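Chemist: Going letter by letter, the sequence shown gives residues 886 to 1023 in our numbering.
C-beta: ideal position from N, C-alpha, C; glycine also.
Since the structure is predicted, the reported quantities are computational estimates derived from the model, not experimental observations.
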Amino acid sequence: MEEKDCIFCKIANGEIPAATIYENSDLRVILDVAPANRGHALIIPKEHFKDIFDIDAVSAGKVFSLATEVARAMKDVLHCDGLNIVQNNGAVAGQTVFHLHLHLIPRFEGDSVHVGWEPGSSTPEELQTLAKEIRKRI
Ligand code: AMP
Ligand code: ZN
């Protein structure tokens, strides 16, 4: 179902034009209008899912499955040295368009793209306790 006033619903369903790389009945792949690097692409489900907490496993699987094919095509064309896959969930995590999408960001030796975090610290006990807590809910 399309969400009113959602720009990615409109792009994914062809109501607003975008530079489309690929389209099937479930998904559209476009070039990001403000690319972090040349070739920065977005995989967008046609159905409106807000984020990872909202999407079902089968639909999410289709997104990542297509990413494998798009990534290889991008590598062939762009000759990138690597590629980051980024998927932001919630404003606090950097999400600005609240319709789930996967970023494919080609990386080139010496580029100045920033994706990442500073390594933190933990104890083995903390990790084990937390892992057990989360495992109980899966
Ligand atoms: P996020 O911050 O993960 O929600 O990413 C949203 C992305 O959508 C940003 O990288 C924007 O540059 C991109 N974007 C926003 N509007 C458009 C548009 N009309 N066409 C293509 N990309 C867009
Ligand atoms: Zn939407």
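Classify V998 as helix, strand or coil using the three-state DSSP reduction.
Modeler: Three-state DSSP puts V998 in coil, outside helix and strand.
Chemist: Tell whether a beta-carbon distance below 9 angstroms holds between L1015 and K935.
Modeler: Not closer than 9 angstroms, so no.
Chemist: Opposite L927 in the DSSP bridges: which residues?
Modeler: According to DSSP, which records beta bridges pairwise, L927 is partnered with I915 and H988.
Chemist: Checking 9 angstroms against the spacing of the C-beta atoms, do L1025 and K931 come in under that value?
Modeler: Coverage of the chain is limited to positions 886 through 1023, which leaves residue 1025 absent and any answer about it impossible.
Chemist: According to the neighbour-count rule (16 or more other Cβ atoms, all chains shown, within 10 Å of its Cβ), is A903 buried or exposed?
Modeler: Buried, by the Cβ-count rule.
Chemist: Taking V887 and H933 to be in contact with their CB atoms under 8 angstroms, please state how far apart those CB atoms are, rounded to whole angstroms.
Modeler: Strictly speaking, residue 887 in this sequence is Glu, with Val absent from that position. Going by Cβ atoms, the distance from E887 to H933 rounds to 6 angstroms, so yes, they are a contact pair.
Chemist: N969 to F993, Cα distance in whole Å?
Modeler: When rounded, the distance between both Cα atoms is 11 angstroms.
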